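Novice:
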């Protein structure tokens with residue numbers, strides 16, 4: 001990404017947050033993520049491992065990092081460990097994760113369109129969660 005575009009995106013994000021606020025920003029970015037997922041179509045996957053591989057191939061196409069998936073059967077959630085999401089400086093919560101809601105929209109669409117998907121599920125994450133390097137955890141489950 002060119003330095004000029006990076007500067008524009010950081011200032012765009014700052015102005016968007018100031019004018020719309022975090023809840024409106026996150027709703028908007030989830031919608032953008034859903035539209036991205038419609039263009040980067042995840043094929044039907046028979047296993048979580050296959051879905052992880054397919055997701056990583058699509059994320060690599062746009063330079064949006066990589067994902068590791070694991071099923072928490074006790075809590076009935078799919079844990080999504082994402083690393084390498086592009087950042088806009090320290091903007092967002094957690095710091096540097098302004099695009100987290102956009103990524104949530106991508107994952108909600110991809111997972112929600114799988115053949116055995118359960119309805120009424122969404123991506124959630126805790127902004128205050130501890131992170132390891134550039135990785136953070138989201139969960140897909142009932143809301």
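Residue numbers (the UniProt record's numbering): 1 to 143. Ideal placement from N, C-alpha and C gives every residue a C-beta, glycine not left out. For clarity, every value in this text was computed on a predicted model and none was experimentally measured.
1) Might you give, ordered along the chain, the residues of its own chain that have their beta carbon closer than 7 Å to the beta carbon of residue 93, omitting 5 neighbours on each side?
2) Alpha carbon to alpha carbon, how far is residue 112 from residue 2? Give it in angstroms, no decimals.
3) Looking at the unbroken beta strand (DSSP E) that takes in residue 51, where does it start and where does it end?
4) What are the boundary residues of the beta strand (DSSP E) that residue 83 is part of?
5) Nearest to residue 14 by CA position, among 96, 118, 124, is which residue?
6) Less than 9 Å between the C-beta atoms of residue 85 and residue 116, yes or no?
7) Quick one, which of 29, 54, 61, 142 has its alpha-carbon nearest residue 44's?
Specialist: On the basis of the supplied data:
1) Within the chain shown, numbered from 1, the residue matching residue 93 stands at position 93. For residue 93, where only same-chain residues beyond five positions count, the Cβ hits under 7 Å are 127.
2) Counting from one through the chain shown, the residue named residue 2 turns up at place 2. Counting from one through the chain shown, the residue named residue 112 turns up at place 112. At residue 2 the pLDDT is 48, less than 50, meaning the model places this residue with poor confidence and gives no usable figure here.
3) Looking up residue 51 in the chain shown gives position 51. No beta strand (DSSP E) holds residue 51; the alpha helix (DSSP H) holding it covers 48 to 62.
4) Position 83 of the chain shown, counting from 1, holds the residue named residue 83. DSSP places residue 83 in the uninterrupted beta strand (DSSP E) bounded by 77 to 83.
5) Translated into the one-based positions of the chain shown, residue 14 becomes position 14. Considering only 96, 118, 124, the residue with the shortest C-alpha distance to residue 14 is 96.
6) As a first step, residue 85 is located in the chain shown; it is residue number 85 there, counting from the start. As a first step, residue 116 is located in the chain shown; it is residue number 116 there, counting from the start. A distance of 9 Å or more separates the beta carbons of residue 85 and residue 116.
7) The residue labelled residue 44 in the question sits at position 44 within the chain shown. The candidate whose alpha carbon is nearest that of residue 44 is 54.
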